[in-house]
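**Student:** Numbering-wise (my numbering), the sequence shown opens with residue 1 and increments by one. Here it is, the structure, as C-alpha cells.
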Amino acid sequence: MQAGCIHCGQQHLLKDAVIAKHPKVSFRCTKCGLTTIVEVKRSVDQTVVISPMPSFARADASTQRLRLLPDEEGLTLPEDVDVVLTVESGPEAGKSFTLTKGRTVLGRKGADIPLDDAEVSRHHCLIEARERFINLKDLDSTNGTFFEGERARAAVLQDGATFRIGTSMIRMIFRPK
C-alpha cells in the first residue's frame, strides 16, 4: 500500500503484510523526518477503512478543473454485474446511477455523477473499480466523506455498503446483468 506523509506529502510504500496484522502503523518520513500514523479499521464484514490516506486524494477540489492522478491499469468494472449507486436520502433521494467506467467522480456540477446537494463539493469523492474491489476515495472535500458514521479518506466498499457525502446517503450494490 502507498501512503503519503501527512506533513509534507512524500509518498512511501508500506508493506501490506505488516498493515494487515496491526490496527495502526506508523512510519517516519524520509523527506521531513516526521512521523505519520496510518490507522486501519476492519468492520465485521471485513470492509477496510484506512485513515489518513493523503495519497488517495491528490486533487485540488477547490478549483474548477479536477487534476486526478493518471489512470491506473486495472481500473475495470466487473463483467458479470453492474455497479449501481442509489441515493437513499438527501435532495436526490431515489435516483440511481450505473457506473460506466473504472473511475467515476461524484460531486456537483462538472462531476461524472452530479448531485444537487449544497453540502457536496464540486469534486467530492471518487469511485474506483478493480473488478469487484470498489474503492471510495475522498478528494479533500470541504464537508468530508463518511463511511460507517466516521469521516474517511478511503474505504473499500462491499456489496450493499452505504456512505454519505453532504446530506446524501448512497448505497453501492452489485446488480446482476
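From the three backbone atoms N, C-alpha and C, an ideal C-beta is built for every residue, glycine too.
(1) For a quick check, are the C-beta atoms of M172 and L85 less than 8 angstroms apart?
(2) Check whether the Cβ of V25 lies closer than 7 angstroms to any heavy atom of the ligand HEM, and answer yes or no.
(3) Any idea if V18 is buried or exposed, counting beta-carbon neighbours within 10 angstroms, 16 or more meaning buried?
(4) Nearest by alpha-carbon distance to K95: which of M169, K15, L75 and V105 is it?
(5) Would you list, in sequence order, the uninterrupted beta strand (DSSP E) runs of no fewer than 3 residues that lie entirely inside the segment 88-119?
(6) Are the CB atoms of N135 and A154 within a distance shorter than 8 angstroms?
(7) Identify the residues that DSSP records as bridge partners of P176: which are they?
(8) Write down the C-beta distance between R130 and G74 rounded to the nearest angstrom, noting that I regard them as a contact closer than 8 angstroms.
(9) Looking at the structure shown, is A161 part of a helix, part of a strand, or coil, going by DSSP?
(10) On the three-state DSSP scale, how would you describe D140?
**Tutor:** A quick look at the data gives this:
(1) yes
(2) The model on display carries no ligand, and the ligand HEM is accordingly not part of it.
(3) exposed
(4) M169
(5) 96-98 and 103-107
(6) yes
(7) V81
(8) 5 angstroms
(9) coil
(10) coil
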